[in-house]
Amino acid sequence: MLALLDRGLLSATRLLCILSLGAMTVAIIVNVFFRYVLASPLAWPPELARYLMVAITLLASSLALREGSHVAVTILVERLPLGLQLAVRLAGLVLVALFLTVVLWQGAILTFVEGPMQTAPSLGISMLLAFLPLPLGALLMLIELVREAGRSVERARNGISPFGAPAEGVLG
Numbered sequence: 000m001l002a003l004l005d006r007g008l009l010s011a012t013r014l015l016c017i018l019s020l021g022a023m024t025v026a027i028i029v030n031v032f033f034r035y036v037l038a039s040p041l042a043w044p045p046e047l048a049r050y051l052m053v054a055i056t057l058l059a060s061s062l063a064l065r066e067g068s069h070v071a072v073t074i075l076v077e078r079l080p081l082g083l084q085l086a087v088r089l090a091g092l093v094l095v096a097l098f099l100t101v102v103l104w105q106g107a108i109l110t111f112v113e114g115p116m117q118t119a120p121s122l123g124i125s126m127l128l129a130f131l132p133l134p135l136g137a138l139l140m141l142i143e144l145v146r147e148a149g150r151s152v153e154r155a156r157n158g159i160s161p162f163g164a165p166a167e168g169v170l171g
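Okay, so the sequence shown: first residue is 0 according to numbering that gives the first Met the number 0, each after it adds one.
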């Protein structure tokens with residue numbers, strides 16, 4: 000059941016990223032067309048493109064965590080004994096999780112308390128929609144951090160560096 004939920008969450012995140020990227024591309028093309036071809040710029044395409052770019056960044060970060068694609072410099076840590084490597088890995092994951100917990104908490108306040116009281120200037124939509132990717136992205140990244148902690152422990156148990164590549168790919 001958890002594997003099915005995990006695959007569904009992964010598919011939904013991928014789809015949201017793809018749709019957001021497509022919508023952002025269309026907004027940019029519309030903006031360029033109206034600004035430079037018709038010489039009559041519109042106010043909403045740049046605003047929509049900015050909101051979608053932030054959404055893509057926050058949502059795709061969980062996919063990057065799952066894939067092991069975030070930048071990491073492990074050359075010194077991988078020279079430590081396996082037990083210390085695991086301790087450093089888990090300590091780093093805990094620090095990131097603490098940061099993401101603050102982002103999730105404050106993002107939820109911004110989204111669900113402040114967002115409904117504000118309206119996007121040119122789009123005229125509730126800022127709840129613009130702010131929603133913040134807590135959602137933080138939650139998805141927290142889920143991936145828990146998964147990565149489990150994978151790191153499993154790799155260390157098998158005598159492999161806990162900083163190794165994840166077991167499954169997101170993109171393929």
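Don't be surprised by glycine CBs; every beta carbon is placed ideally from N, CA and C.
The region 121-132 and the region 31-48 touch, with three or more beta-carbon pairs separated by less than 8 Å.
Distance from the Cα of Leu-103 is smallest, within the candidate group Ala-86, Gly-136, Leu-58, Ser-125, for Gly-136. For Arg-150, the uninterrupted alpha helix (DSSP H) run begins and ends at 132-156, by DSSP.
The beta carbon of Leu-138 sits closer than 7 Å to those of Leu-103, all from its chain and outside the five residues before and after it, given in chain order.
With a cutoff of 9 Å on beta-carbon distance, Glu-147 and Leu-64 are scored as near each other.
Taking a cut-off of 8 Å on C-beta distances, the region 83-99 touches the region 155-164, as three or more cross pairs fall below it.
Secondary structure of Ser-160 (DSSP, three-state): coil. Ranking Val-95, Ala-59, Ser-19, Pro-80 by CA distance to the CA of Ala-71 puts Val-95 first.
DSSP, read as helix, strand or coil, puts Thr-73 in coil.
Note on geometry: alpha-carbon atoms of Gln-117 and Ser-151 lie some 42 Å from one another.
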